[in-house]
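Undergrad: Below are the structure tokens for one structure; questions will follow.
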């Protein structure tokens with residue numbers, strides 16, 4: 001009886017935690033940055049190494065995603081029944097929604113490949129800096145809510161030459177469909193395990209990004225497909 005009661009209370013709390021925000025709608029990585037088509041570079045490789053400077057900006061998706069994850073952390077476990085929320089479940093929600101996980105990971109990956117990596121506040125500043133290579137970092141997450149247990153994460157870096165002509169893209173994606181977290185047969189330990197999958201999905205997407213980045217930097221761009229057919233880019 002005690003186990004059944006705990007499960008029922010947990011289900012009620014998760015169901016009523018409706019203040020947890022839902023993932024924002026994704027847009028093109030160029031949305032809000034450029035108003036005219038971007039050309040394609042004649043470069044067959046992306047210059048990299050200790051002598052190459054890379055200038056970076058974050059896409060609108062990345063900025064909105066960070067705010068989404070901040071809200072997710074702040075609101076996880078709030079709402080009616082908050083006082084009944086098992087601490088381990090609250091902690092799992094918070095631990096698996098780190099706002100800077102993707103951008104910190106991607107920046108560290110880029111720093112291993114380029115001599116310098118500098119983040120700029122906007123496209124004008126990026127172009128004015130005249131870096132050897134430019135990149136737009138795009139990241140999106142979809143985490144568990146009271147209405148959906150589908151998780152996914154996307155991260156990409158679109159690379160451009162010094163004239164802001166497109167060269168290629170490194171991309172990582174991962175997703176997982178879980179049974180409803182709020183199902184009344186689940187114990188709190190099972191719910192925590194499901195919530196922890198949020199971070200596992202994000203990490204796997206980032207690991208795939210690293211693999212894609214390595215392939216992109218070591219393979220001539222005319223030998224590989226640079227545009228993801230689902231990316232929504234309209235570059236040239």
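In UniProt numbering, the protein residues as written are 1 to 236.
Just so it is clear, CB atoms sit at the ideal spot from N, CA and C, and this is done for glycine as well.
Reducing DSSP to helix, strand and coil, say where residue 146 ends up.
TA: Three-state DSSP puts residue 146 in coil, outside helix and strand.
Undergrad: Specify whether the region 134 to 153 and the region 58 to 73 touch according to this definition: at least 3 beta carbon pairs, one from each stretch, less than 8 Å apart.
TA: These segments touch.
Undergrad: Comparing C-alpha positions only, which one of 105, 171 and 151 sits nearest to residue 196?
TA: Answer by Cα proximity: 151.
Undergrad: Check whether the Cβ atoms of residue 53 and residue 166 lie closer than 8 Å to each other.
TA: Contact: no.
Undergrad: Distance cutoff 8 Å, beta carbons only. Does residue 87 sit that close to anything in chain B?
TA: Checking the listed chains, one finds no chain B in this structure; it contains a single protein chain.
Undergrad: For residue 112, does the count of other Cβ atoms within 10 angstroms reach 16, so buried, or fall short, so exposed?
TA: So residue 112 counts as exposed.
Undergrad: Which residues in the same chain have their Cβ closer than 7 Å to the Cβ of residue 164, if we skip the five residues on either side of it in sequence?
TA: The residues are 38, 127 and 134.
Undergrad: State the CB to CB distance for the pair residue 96 and residue 198, rounded to an integer number of angstroms; the pair is presumed to be in contact (CB under 8 Å).
TA: That pair is a contact at about 4 Å.
Undergrad: Just to confirm, are residue 238 and residue 192 a CB contact at a threshold of 8 Å?
TA: The requested residue 238 is not part of the displayed model; the chain covers only 1 to 236.
Undergrad: With 16 other CB atoms within 10 Å as the buried threshold, where does residue 125 fall?
TA: Residue 125 comes out exposed.
Undergrad: When you compare each of 207, 44 and 145 to residue 178 by their alpha carbons, which one comes out closest?
TA: That would be 145, whose Cα lies nearest to the Cα of residue 178.
Undergrad: Quick one, which of 90, 211, 131 and 158 has its alpha-carbon nearest residue 58's?
TA: It is 158.
Undergrad: Let me check understanding here. Comparing Cα to Cα, which of 210, 71 and 188 lies closest to residue 171?
TA: If we check each option's Cα against that of residue 171, 210 comes out closest.
Undergrad: Where does residue 208 fall in DSSP's three states?
TA: It is helical.
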